[in-house]
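Enquirer: Sharing a structure with you now.
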Amino acid sequence: MPETIFKHTLKTTITLLAFAFVGTAMLAYVFGITRAPIEASEKEARLALFKQILPENAYDNDLLKETVLIAPSELLGSHLPTVANIAKLNNKTAGVILEAVAHDGYNGDIKLLIAIRADGSISGVRVLAHKETPGLGDYIDISRGNWIKLFNDESVNKTPVAAWQVKKDDGKFDYMVGATITPRAVIKAVLKALQFFEANKETLFAITE
């Protein structure tokens, strides 16, 4: 009897191991054949977003390949390293695309993508992710309106730091009545990103020249 139980247990164990091996092999195969298309799709989506904030005639290099790793930064609101995409035109740095996070949104973090030209002016800003209230604070999203375009061509030289506020706070930026926390957070994050750029421009450009 013990020998029979042992053989049965061994047979069951071998069967389970066989199924586990086959299952793992199938998952690896599926991952292998889908990885490339998924990565290609992600790259296309990323480039499409870049084109919204940086005109194609503003650079002639591969933005996805021309990158610089940025250490965690209080000005960018990043707790982990982020990647900056460098734009070049005729082998000269024309601008940079930075990721920033506003941690004081109404419902949580607001992730931003900000394109800044070499002269320190903003080419464009887009919201990557947010949890703001639908129909109220979500007007910061380009799919809900053009508010985010207020930052186009802005810079710390054009607009004094004190004016980087909503009009309710004596600043220059419009806002939707009843939803001031969200734009305040975005405005502050964009300003900090510009300040990061100004403080690190020479270093960023020196790395990529």
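According to this note's numbering, the sequence shown is numbered sequentially starting from 516.
Just so it is clear, CB atoms sit at the ideal spot from N, CA and C, and this is done for glycine as well.
Do W679 and L706 have their C-beta atoms closer together than 7 angstroms?
Expert: The answer is yes: Cβ separation under 7 angstroms.
Enquirer: Report buried or exposed for S658, applying the criterion of at least 16 other Cβ atoms within 10 angstroms of its Cβ.
Expert: Under this definition S658 is an exposed residue.
Enquirer: Starting from I643 and walking both ways along the beta strand (DSSP E), at which residues does that stretch end?
Expert: Before going on, a small fix: residue 643 reads as Leu here, not Ile. Taken as a continuous stretch (DSSP letters only), the beta strand (DSSP E) holding L643 covers 637 to 644.
Enquirer: Closest to L628 by C-alpha separation, out of Y621, S636, V642, would be which residue?
Expert: The candidate whose alpha carbon is nearest that of L628 is V642.
Enquirer: Let's see if you can read the secondary structure: which residues bound the beta strand (DSSP E) around G610?
Expert: 607 to 620 is the span of the beta strand (DSSP E), which, as asked, contains G610.
Enquirer: With a threshold of 8 angstroms, are at least 3 pairs of Cβ atoms found where one atom belongs to the region 597 to 617 and the other to the region 568 to 582?
Expert: In short, these stretches touch, since the Cβ pair count reaches three.
Enquirer: Which one of A704, T674, V681 has the shortest CA to CA distance from G693?
Expert: Selected option, being the one with the closest Cα: V681.
Enquirer: Out of curiosity, what's the CA-to-CA distance linking T527 and V583?
Expert: Taking the straight line from one Cα to the other gives about 53 angstroms.
Enquirer: Can you list, in chain order, the residues of its chain whose CB lies under 6 angstroms from that of D656, leaving out five sequence neighbours each side?
Expert: Excluding residues within five positions, the ones whose Cβ falls inside 6 angstroms are V642.
Enquirer: Let me confirm a value: K566 is counted as buried when at least 16 other C-beta atoms fall within 10 Å, else exposed. Which label applies?
Expert: The residue in question, K566, is exposed, as its Cβ has fewer than 16 Cβ neighbours within 10 Å.
Enquirer: State the DSSP-derived secondary structure class of T528, mapped to helix, strand or coil.
Expert: Correct three-state label for T528: helix.
Enquirer: Three-state secondary structure (DSSP) at G652?
Expert: It is helical.
Enquirer: Whole angstroms is fine: what's the gap from L665's alpha carbon to L604's?
Expert: If you take the alpha carbons of L665 and L604, they lie about 26 angstroms apart.
Enquirer: Going by DSSP, which residues form a beta bridge with I585?
Expert: Answer is T597, bridged to I585.
Enquirer: Tell me which same chain residues have a C-beta within less than 8 angstroms of the C-beta of A586, skipping the five on either side of it?
Expert: The residues are P596.
Enquirer: For E647, which option in Y621, V671, L569 has the closest C-alpha, if you only look at C-alpha atoms?
Expert: For E647, the nearest C-alpha among the options comes from Y621.
Enquirer: Give me the Cα-Cα distance between V640 and N667, rounded to the nearest whole angstrom.
Expert: Between V640 and N667, the C-alpha separation is close to 7 angstroms.
Enquirer: Using C-beta distances below 6 angstroms, list every residue in its chain close to D653, excluding the 5 sequence neighbours before and after it, in chain order.
Expert: The residues are E647, R659.
Enquirer: By how many angstroms is the C-alpha of T695 removed from the C-alpha of K683?
Expert: Approximately 8 angstroms between the Cα atoms of the pair.
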